[in-house]
Amino acid sequence: MIEPRPDPDQLLAQVQAEEARARRGRLRIFFGSCAGVGKTFAMLEAARIVRAAGTDVVVGYVEPHGRVETERLLEGMPHIEPVTVRYRGIVRREFDLDGALARRPQIVLVDELAHSNLVGGEPTPRHPKRWQDVEELLEAGINVWTTVNVQHLESLKDLVTQITGVRQRETVPDRVFDEAEEIELIDLPPGDLLARLRAGQVYLADAAATAVDRFFRMPNLMALRELALRRVADRVEAAARALPAARSHARLAGERILVAVGPDAQAEQLVRAGKRIADAFDASWSVVYVETPALLRLSDEQRNRRIDVLRLAESLGAETVTLGGPTAAAAILEYAETRNATRVIVGAPKRKGWHAWFGPSTGGQLARQAQRFDVITVAVDERLAAPATADLRVAENARPIHWRRYGAALATTVACTAVAFSLYPRLDLSNLVMVYLLGVTIAGLRFGRGPSVITAILNVAAFDFFFVPPRFTMAISDAQYLLTFAVMLTVALVIANLTASVRQQTRVAGARERRSVLLYAMSRELAATRGSSSMALVAVRHIAEVFQCHAVVLLPDGHGKLRYPRDAPLDRSFQGADLAVGQWVLDHGRQAGLGTDTLPAAKGLYVPVGDERDRLGVLAVLPSNPRRVLLPEQRHLLETFASQIGLALGRARLAEAAEATLLAAERESLRSTLLASISHDLRTPLAVIQSAASTIAEHGVGVDQQTRTRLARSIETKAGEMAELVSNVLDLMRFESGEVMLRRDWQSVEDLVGAALQRMDVKLARHPLELRLPADLPPVYVDAALTVQIFVNLLDNVAKYTPPGTRVWVSAIRDEGLVRVRVEDDGPGLPPGDPARLFDKFQRGSAEGTIVGVGLGLAICRAIVRAHGGQIDAQRRPEGGARFEFTLSTREVDA
Amino acid sequence: MTRAPHQILIIEDEPVIREVLRVLLVREAYRVIEAPTAARAQIEARNHKPDLLIVDLGLPDGDGLDLIRRIRAWSSIPIVVLSARTLEEQKIAALDAGADDFVTKPFSAPELLARVRAGLRRGARAPSGDAPLGFGAVQVDLAVRRTHGAHAEIHLTPVEYRVLESLARRGGMVVPQRVLLREVWGPDRGQDTRGLRVFISSLRAKIEPDPRRPRYLVTETGIGYRLCPDDAADAATAGPSLER
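Sequence lines, in order, name chains A and B. In terms of numbering that gives the first Met the number 0, the first sequence opens at residue 0 and continues consecutively. In terms of numbering that gives the first Met the number 0, the second sequence opens at residue 0 and continues consecutively.
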């Protein structure tokens, strides 16, 4: 039997997930039905026991509420000093997350998981909610014990409100509760609780004191207790079910629930109801929002509510989708069928007045057309509807009214009237109406709904005024025209509406298509780009365009610390991105900033680029309109862009690594060649020097003056050659190690050549040289010393490889954006073979010989020219001799 | 005519180079003092008040740049750096620290002696206004701002004169571009090296026999310029007699 080979990537992912789980701290929740059941007390008691057993337990934050028993238990427990946070005159002591992370105890106690931090306080808390602090602790591998009341669970919020009539503001996502390692239910019978309350043993905040009478009633307490017990029982059951096989496996085959929400106030309740139903069926679930043409016209406030709803859904574990379609029912139906949904949850219709008469509700339509799924209609309690609270800090402008379009609408009426006038005597009145209807259709297609409605009304008025007898009055002679007007207006309005809808839908579809085209465009351009920083620039350009934002891709340096890009910023670059926030995102691999759970007060949104194993950078965006990135759908699109960038950067990194390996190998071989070459070229002059010097030293007296001078001269020349060789080798090494920084400035070619000739004066004394530099040569933007080195090396070659008397020309001509420089001679010319090979290291004109130089001169020239972004090549002159040509830039460039 | 010989302090830790320098300089009739360390150099400089310093940058007890800065704090003695540091930024650092010129190792004897002469000249005529500068057939009299060519008077612009003055003030020593810009145009033009180049090349057109292969107004690539009038040596020795 053939075993299927496990996919190594999958195995690796599995191992990593397990490792991550093992590294992650464990969360233990002391869970109660309401305040006063003794959760904190139980937690502290348990803590004292494990501490006695030698575990490092630290109290991170516990509110003793002035209760004696709790305070007694706290005595002698090590604790982390809370930080003092100031906010608008309020001073509060808060849990010190960084203190706890630095202290790294085995277990830390953090009371009240649902607590909200003072966002905007001083110092600014990292997360708005305490459960997020706890998540970070867990991620750091620290075990956390905490307390939660049942009314603080997000999915039970509505139920609790219905039971008690008190709205809960502070909630904890069910995910946190579900993922806790251990839930300890602290149960106290309601009778005992009431007794404790009456005995003053339960602390109540002042604000809550007024609600005491309403809240702490027997029926409330019993209901809450039942809720808590049931929630824990559900968890136990789920755990039992998850044991034999992976949970997701059962899900795949089983239920899939779709919650259809609209932009109305009941959406949040629908989502929570969806969560409860999904939990009950152990199903995966999605929340679907359909953007119909009608919904596109909603106020910004309502559209922002959608952001809230979809974010809530995501926090409860739902997948969120925004669909486009002519009607909500059609879009949901199609989506439900493609995704094999088994149940679709809709809100009970809330239509009032004439709407109720006009057509069936979305739920009704779905119920009628559904074949493969059930439709569940959930009644929602209007009183529970929460106002929209989308966290949009940038004020949005109201949609501008396009006065020009209304002007165009008026012009349409005028045009229709003009046409009708020209046709008037020949055509019937009933046919003139057609002209006006045509005008409405055009207005609908071109100018949108408002203007086309105006056209419809104006057209009826104009028709009446200009054509219906008596003409040029609004009066009518025959009552049957009233019917004509009514029909004309109705038809015109319907046409206006329909055409405007078509137009709007086309626009929506167009926008969607544009987005995917843009994503494709970015991927394609990234694929064609080399180097991380150039890729970052390409990405910024595309993202800035798609999301109407300023963006920047921050890349880490060799030590994993984020740096600002060194390239010149584009005009859509997000300058002033917060490196500290970026660093957090890079280190944790999670989003932060605007619209997220972490540091929501930051100016922009920070998205990690790359995966768990390879954190490649951070994408920071500063949207001009926060909705552009806050909508989950938009956020997902941004994430898609980020992952595309991640892929590209990963590719770049691999390429860089490969190149580095290649370079290392090349350097290795260079080193050995260099050693061989140097040993020859260094030993030869050394031998001369040594023998000459020893001759002078030992036989100085016996040697005549003339010989002594000759020997000393040869020492001088050989030492000179060695010095030149050493400096060549050093220069090349400097280039190879990438140490050379170009110090570019404006230089005149004449000046550069002059400086080179000055240095070559002696060596070239016997080579007649002619300069051909036109007077109008533009200045070049180069590193002066290095460019002079090019001339020196080229001229030095002439001096070395051509016989005295060989003529030399140095010429330059201007070209598009550069100057072409030539150094040529009429000497013996280049050696046979590919002239380009001359620029490789250790190539020289004549293979062996007494000429010193190790063949580095041209290699250095090429390195310098390339560092300037130019080109150099060697040619055989047609009339004999060698010609070297290179380019110097006349444009200011950043290098 | 006989004057007390110039005293030159050699600060160099390598004994062989010290020896070579001593032989060279003594032959040119200079008096030589030697110091192998920076600490010793400071003492010798204060005791002997030499006319010129030759400083190696790599000293056993400290960086030569520090030494230059310390000496510059109390004295304006000409300082010539003799160092194996060949990169421009290292040269510029030395000039910024207060050195007047530099010669890189390995060095040729004539070059070093020329720099020493230029340095002493710079020290001798701190206040400007002296003999005309000779550039082959061209004579420039800075005192009256007049320039004569082989056949006729040559017109130099005021800025060109200022450039020449600034260069001449330092004898044949290198003048960094930055210094030149500041002295000619004031502190505001800081970075306009492009403009400076234009003036240099127009000056060369007027005073150099072959402007493309300048002999007198020499570019020190990446650093600055130096002015080497051909009769500089004569002018220096003949200086006192002319004044009389």
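Think of the CB as a built atom: it goes at the ideal place given N, C-alpha and C, for glycine as much as any other residue. Predicted model only: the values in this text are computed from it and were never measured.
Residue span of the beta strand (DSSP E) that contains residue i, given as start and end
| i | result |
| --- | --- |
| A:Tyr435 | Careful: A:Tyr435 lies outside any beta strand (DSSP E), inside the alpha helix (DSSP H) at Leu428 to Phe446. |
| A:Cys899 | Residue 899 of chain A cannot be examined here, being either before or after the span of chain A that is shown, 0 to 894. |
| B:Pro210 | Here B:Pro210 belongs to no beta strand (DSSP E), and DSSP marks it neither H nor E. |
| B:Arg30 | Arg30 to Ala34 |
| A:Leu184 | Glu181 to Ile185 |
| A:Pro189 | Run containing A:Pro189: none in the beta strand (DSSP E); it sits in the alpha helix (DSSP H), Pro189 to Arg197. |
| A:Ser283 | Ser283 to Glu290 |
| A:Arg771 | Leu768 to Arg771 |
Reduced DSSP secondary structure (H/G/I, E/B, other) of residue i
| i | result |
| --- | --- |
| A:Gln870 | coil |
| A:Leu223 | helix |
| A:Asp373 | strand |
| A:Leu887 | strand |
| A:Ala664 | helix |
| B:Leu52 | strand |
| B:Leu226 | strand |
| B:Ala83 | coil |
| B:Val19 | helix |
| B:Glu219 | strand |
| A:Leu561 | strand |
| A:Val149 | helix |
Any chain B beta carbon closer than 8 Å to residue i
| i | result |
| --- | --- |
| A:Arg25 | no |
| A:Asp307 | no |
| A:Trp745 | yes |
| A:Ile787 | According to the sequence provided, residue 787 of chain A is Val. The question's Ile does not apply to it. Yes - at least one Cβ of chain B is within 8 Å of the one on A:Val787. |
| A:Val752 | yes |
| A:Arg742 | yes |
| A:Leu561 | no |
Close beta carbons around residue i, own chain, < 7 Å, minus the five adjacent residues each side
| i | result |
| --- | --- |
| A:Val171 | Leu112, Ala113, Trp130, Val147, His151, Leu152 and Glu153 |
| A:Leu536 | Asp566 and Leu569 |
| A:Gly880 | Glu823, Asp824, Asp825, Gly826 and Gly828 |
| B:Leu56 | Asp62, Gly63, Leu64, Val80, Ser82, Arg84 and Ala93 |
| A:Val739 | Arg733 and Ala866 |
| B:Leu119 | His5, Asp50, Leu51 and Pro77 |
Cβ-based neighbour list, residue i, same chain, cut-off 6 Å, excluding 5 preceding and 5 following
| i | result |
| --- | --- |
| A:Pro122 | none |
| A:Gly352 | Low local confidence applies: a pLDDT of 49 at A:Gly352 is under 50, so the model's placement there is unreliable, and no value is given. |
| A:Arg904 | Outside the displayed span of chain A (0 to 894) sits residue 904 of chain A, for which this structure offers no information. |
| A:Lys762 | Ala798 |
| A:Ala495 | Val439, Gly443, Ser451, Val452 and Ala455 |
Closer than 8 Å to chain A by CB, residue i
| i | result |
| --- | --- |
| B:Arg211 | yes |
| B:Arg196 | yes |
| B:Ser200 | yes |
| B:Glu87 | yes |
| B:Gly221 | yes |
| B:Gly128 | Below a pLDDT of 50, predicted positions are generally treated as unreliable, and B:Gly128, at 49, falls in that range; the measurement from the model is reported next regardless. No, B:Gly128 lies away from the interface with chain A (no Cβ there is under 8 Å from its Cβ). |
| B:Thr218 | yes |
| B:Arg193 | yes |
| B:Pro228 | no |
| B:Pro105 | yes |
Closer than 7 Å: residue i CB and nearest the ligand ZN heavy atom
| i | result |
| --- | --- |
| B:Asp60 | This structure lacks the ligand ZN; in fact it carries no ligand of any kind. |
Close Cβ partners of residue i (< 8 Å) along its chain, the five nearest in sequence each way excluded
| i | result |
| --- | --- |
| A:Gly438 | Thr411, Thr412, Ala414, Cys415, Thr454 and Asn458 |
| B:Glu29 | Strictly speaking, residue 29 of chain B in this sequence is Tyr, with Glu absent from that position. Closer than 8 Å at the Cβ level, and outside the excluded window around B:Tyr29, lie Pro4, His5, Gln6, Ile7 and Val115. |
| B:Leu166 | Val174, Leu179, Leu216, Tyr224, Arg225 and Leu226 |
| A:Gln368 | Ala328 and Leu332 |
Residue i: first and last residue of the uninterrupted alpha helix (DSSP H) it sits in
| i | result |
| --- | --- |
| A:Ser532 | Ser531 to Val545 |
| A:Tyr86 | Segment Val82 to Tyr86 is the beta strand (DSSP E) holding A:Tyr86; no alpha helix (DSSP H) there. |
| B:Ile76 | Premise fails: B:Ile76 is in no alpha helix (DSSP H) and is neither H nor E. |
Legend entry - 3-residue-minimum beta strand (DSSP E) runs that sit fully inside the segment 8–77 of chain A, ordered along the chain: 26–31 and 56–60
Legend entry - Any beta strand (DSSP E) of 3 or more consecutive residues that is wholly inside the segment 143–178 of chain B: 145–147
Inset, instruction - Give, in chain order, every unbroken run of the beta strand (DSSP E) that is at least 3 residues long and sits entirely within the segment 102–135 of chain A. - result: 106–109
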